[in-house]
Structure formats: structure tokens, C-alpha cells
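Working notes, beginning with the structure itself.
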Amino acid sequence: MQPLKYLSAYSEQTRQQVQQLIAQDRLADVLRQRYPAAHGIRTDKALYQYVQDLKTEYLRNAAPIDKVAFDSKIHVINHALGLHTSISRVQGGKLKAKHEIRVATMFKETPLEFLRMIAVHELAHVKEKQHDKAFYKLCAYMEPNYHQYEFDVRLYLTQLDLSGQRLW
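All residue numbers in the sequence shown are consecutive under the working numbering, ending with 168.
In C-alpha cells form, the structure reads like this:
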């Protein structure tokens, strides 16, 4: 039994169920059945608009997002699927913060639910900096299935590690 590095925080029972799917060579099939197609958001401009729409719907009063882009330099190896950065600059006599969201390029070819989970996660960092109870409550507010999508992204990363092939 190989260690499931993306699922280490989950219960032993959950990890055993995943190991069973892997042993039966069914993990990819389960994911494809649950998420049959990839989304169509391929450009930074389309990604920016998608994230802006989410922000407008759920975080109207939050600071503006200045840039959203796919980033090929983000690697899952560094335990990052997306990044939220806040850059402070002096503008006139005031200190202004610029918020940027970057999403790993690998999410260009995944189901929309996976991209939404990453976008919601990074948007939540605009209001909540730490991964605490308030942060996850905000994520669940923006996407009620957030925790399921996060788990499924972890399953996908596990499958990707095992096979080296993308599913979509």
C-alpha cells in the first residue's frame, strides 16, 4: 500500500476506500463519471471574468482583485494549487494593496467544479488570511460543495501521481 500524500489528513477508512479504488484500477473511472467534461475557461481574461463574477456575487464589499491569471510556475509539489498575493504600494500619500490571484495551469483542463474550488479558496483569502474556521465557513458560503470538490481534487491529484496522465 502506497502512502496517499494528498489524503493524509483524511480518516483511515477513507484512505482505505481510495486504496481499494486504486487496487481495482477504478479511481479514474469514478472521477470521470462524477465529472464528465472539462470547462472551457482557457485564457487569463476568461479566468479573470469568472473570478470577478464570483467576487461580485459573494464578496461585493471586499477589496478589488487587480489580476487573475493561470500560472505555469505554481506546482502541486509546493503544496499550492493557486496563490493569492497582496502587494502593498505607496500611491500618493496612501498605502494601496493590490490583490492578485494565480491558478495553477493544470486547472485549465479540469472540470469547472475543480476550478471553482480553487477560485473560491483564493477569493476567501481576500477576507480571511488564515486557514481557520472562518475561512472554511466563507468557502462553504461561496460554494456549498466546497469540501467535496476539495476532496475530489485531491483524488484527481492522487490519480495524476499514479498514472501521469490527465483525465480531461
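Quick reminder that beta carbons are idealized off the backbone N, C-alpha and C, glycines included. Because the structure is a prediction, the values reported are computed rather than measured.
Ignore the nearest five residues each way along the sequence and tell me which others in residue i's own chain have a CB closer than 7 angstroms to its CB.
i	result
Y146	M117, V120, C139 and A140
R102	A69, D71, I74, G82 and L83
T85	E100
M106	none
Check each candidate in the options and name the one with the smallest Cα separation from residue i.
i	options	result
K96	A104, R102, I87 and L123	I87
D44	K129, F70, D161 and L54	F70
R42	Q16, Q24 and E109	E109
Q191	K67, L21, R32 and Q33	The structure shown does not extend to residue 191, since the chain is modelled only from 1 through 168, so no value can be given for it.
L162	L27, P144, T56 and Q17	L27
L123	G164, G92, L47 and M106	L47
T56	M142, D25 and V90	M142
Give the C-beta separation of residue i and residue j to the nearest angstrom, bearing in mind that I take them to be a contact with Cβ-Cβ under 8 angstroms.
i	j	result
H39	L115	6 angstroms
A37	P111	7 angstroms
With residue i as the anchor, note down where its beta strand (DSSP E) starts and where it stops.
i	result
K94	K94 to A104
F70	I65 to D71
Would you mind sorting residue i into buried or exposed? The rule is 16 or more other CB atoms within 10 Å of its CB.
i	result
D152	buried
K94	exposed
T158	buried
A134	exposed
V51	buried
A104	buried
The alpha helix (DSSP H) spanning residue i covers which residue range?
i	result
A119	L112 to K127
D53	D44 to Y58
D25	That residue, D25, is in no alpha helix (DSSP H); it is neither H nor E in DSSP.
A140	K133 to M142
Excluding sequence positions up to five away, which residues of its chain have a Cβ less than 6 angstroms from the Cβ of residue i?
i	result
Y58	M142
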